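Here's the structure, in structure tokens; my notes come after.
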Amino acid sequence: MEQKTKKLIAGVVALVVVALLVVAVYLKFGPQAEAGTKAYEVTVTNSAGEVTTYDGKTDAEYLSELMDELKADGFTYEGSTSEYGLFISAINGESAVYETDGAYWAIYVNGEYGQYGADQQPVSDGDIFGFVYEKAE
Amino acid sequence: MKKQSKWTALDIASMGIMLAIVEVCKHALDFLPNIELVSFLFIIFTLHYGWRIILLTWAFSAIECVYFGFGPWTITYFYVWPILIIAVMLLKQFGGEHPLYYAILSGFFGLSFGFLCSLYTLVIGGVGMQLTWWISGIPYDLVHCIGNFFICLALFYPVNQAMKRIVK
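Line order of the protein sequences matches chains A and B. Its first residue numbered 9, the first sequence is counted upward by one per residue in my numbering. Its first residue numbered 22, the second sequence is counted upward by one per residue in my numbering.
Laid out in structure tokens, this is it:
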């Protein structure tokens, strides 16, 4: 086989192998969804500091699914899928536009700043989620 | 004696046109997360214009900052794209012009994009935050990898041939 062809095949194989390793890392260490019914509490803190609370039980595995369920209770949100996951632009009718006023909707999970987007944040029994209107320093 | 600039008016005009092409292609595909032509265009432009395309990546990054706003993440754009340019320049020396070489490079770049972008979080939150940030974005990196690979594979030959006719 020609040397050049061997190099090309080796390159494609290397890309596939590295991609599979990355998939393995995600499956091992990525967000793990939990099946079954779970208790939750969701709070929304708007720009005026007013807090709206929703709680109950859900079968949702990810926060974005829970957000869709909460629409029945009057919770609303707007967002778009970006390269970083679901990007929330408005909650309960209040928009947070980073480009114009440096504001964004932050997600808190059990009091800690969320590490995942809403579509990747798993829901576990007893979780308390907070959506807080924040402004960049 | 007055030192003559290495940049001609044609070079500057070409950079402006290339920047416009990159911007238009970027925003035309904004509705498809991580399917993009920017990596491919930077690869092709680097093959024909060399190191000066690093300046083009910075001009592109500056426009993106104006468009999307400034934040801690904006610093990532300024180092991520030059890494691709450096890789292309290295591959150019060793790999010839086979489309598959550059498709593989573009695929690797897409796959590592999230990791490279997450490096700035090392400063903010340490290794834990950086790894969490990278791992949560892996599904998007995989899409980026596959998209980059096939886009480069499909477009490399015709666009490279066109560039050869333009840049004489």
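Note that the Cβ used here is the ideal one computed from N, Cα and C, for glycine as well. Computed from a prediction, not measured in an experiment: that's the story for all the values here.
query                                                                                                                                                        : result
Going by DSSP, name the residue or residues bridged to A/Ser103.                                                                                             : A/Ala98
Note the first and the last residue of the continuous alpha helix (DSSP H) segment covering B/Thr78.                                                         : 74 to 89
Considering Cα atoms alone, identify which of B/Leu176, B/Leu62, B/Glu44 is closest to B/Leu121.                                                             : B/Leu176
Pick helix, strand or coil for A/Ser55, following the three-state DSSP scheme.                                                                               : coil
So, are the CB atoms of B/Cys9 and B/Leu62 less than 8 Å apart?                                                                                              : Look at the range of chain B in this structure, 22 to 189, and you will see that residue 9 of chain B is not part of it.
Below 8 Å, how does it come out for the region 139 to 155 of chain B and the region 107 to 118 of chain B: are there three or more Cβ pairs, yes or no?      : no
Sorted by chain position, which residues of the same chain lie with C-beta nearer than 7 Å to B/His69's C-beta, five sequence neighbours on each side aside? : Met184, Val188
Tell me where the beta strand (DSSP E) around A/Ala126 begins and ends.                                                                                      : Taken as a continuous stretch (DSSP letters only), A/Ala126 belongs to no beta strand (DSSP E), as it is neither H nor E.
Closest to A/Phe139 by C-alpha separation, out of A/Glu86, A/Ala43, A/Thr108, would be which residue?                                                        : A/Glu86
Over the uninterrupted beta strand (DSSP E) stretch that includes A/Phe137, give me the two end residues.                                                    : 135 to 143
CB-CB under 6 Å to A/Glu73, same chain, minus the five flanking residues each way: which ones, in chain order?                                               : none
In or out: B/Asp51 buried (at least 16 other Cβ within 10 Å) or exposed?                                                                                     : exposed
Quick one: measure Cβ to Cβ for A/Ala4 and A/Glu69, integer angstroms, because I've assumed they're closer than 8 Å.                                         : Outside the modelled stretch of chain A, which goes from 9 to 145, sits residue 4 of chain A, for which no answer is possible.
For B/Asn169 versus B/Ile65, is the C-beta spacing smaller than 8 Å?                                                                                         : no
Using the three-state DSSP reduction, which class does A/Ser72 fall into: helix, strand or coil?                                                             : helix
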